[in-house]
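Step one of this worksheet: look at the structure below.
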Ligand code: 5GP
Ligand code: MG
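In this note's numbering, the protein residues as written are 1 to 177.
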């Protein structure tokens with residue numbers, strides 16, 4: 001894999017597509033085991049989670065549903081600290097086991113806002129699955145149930161993650177040089 005240019009920055013290969021797929025298989029196996037009796041509702045947070053959500057769903061064998069919400073907080077390579085709901089939750093969650101599916105948890109603000117919505121809707125069990133977690137950036141006390149990879153506080157693109165809208169199509173995950 002080579003360095004790629006997205007807009008005005010260069011990025012180097014960080015997590016390969018094969019490693020991502022391997023880790024998703026492991027997480028899906030755990031979820032298949034842990035939630036076999038639950039018929040959970042998966043809630044993907046758009047835009048970033050669309051690839052992870054799709055690949056995770058393909059590996060699930062339990063009965064489940066999926067829906068999406070669209071939240072945004074990032075502007076360029078920085079979190080703005082403000083979460084805007086662009087498309088809200090379209091399904092009742094009352095009493096249900098829900099699994100929030102995120103591409104990456106950075107400060108935790110987005111997940112924190114999502115948890116407020118789910119608690120207000122009286123969701124039953126609330127579970128969080130994220131492909132990537134930046135432990136050093138986390139500012140909220142959030143229990144993350146399934147983590148693909150812990151990553152440093154660097155800016156990543158690819159596999160759903162964008163830089164100013166571009167780079168989501170990359171099969172691998174890249175880090176800004
Ligand atoms: P948080 O609310 O946890 O601070 O940020 C979560 C959201 O910010 C993620 O869903 C993702 O969209 C975006 N984000 C956080 N870190 C990165 C990163 O390194 N690269 C990209 N492209 N987006 C990120
Ligand atoms: Mg996101």
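We put the beta carbon where it would ideally sit given N, CA and C, even for glycine.
- Look at residue 161: its beta carbon is less than 7 Å from one of the heavy atoms in the ligand 5GP.
- Among the bridge pairs identified by DSSP, residue 13 is matched with 174.
- Check the Cα spacing between residue 114 and each of 93, 27, 134 and 131: the tightest is with 93.
- For residue 110, the distance from the CB to the nearest heavy atom of the ligand 5GP is below 7 Å.
- Within the same chain, 24 come within 6 Å of residue 55 by CB-CB distance, once the 5 residues on both sides are set aside.
- Distance from residue 11 to residue 175 at the Cβ level is roughly 6 Å; contact confirmed, criterion being Cβ atoms closer than 8 Å.
- Rounded to whole angstroms, the Cβ separation of residue 15 and residue 173 is 4 Å, and the two are in contact under 8 Å.
- In this structure, 163 is the residue among 167, 171, 169 and 163 with its C-alpha nearest to the C-alpha of residue 73.
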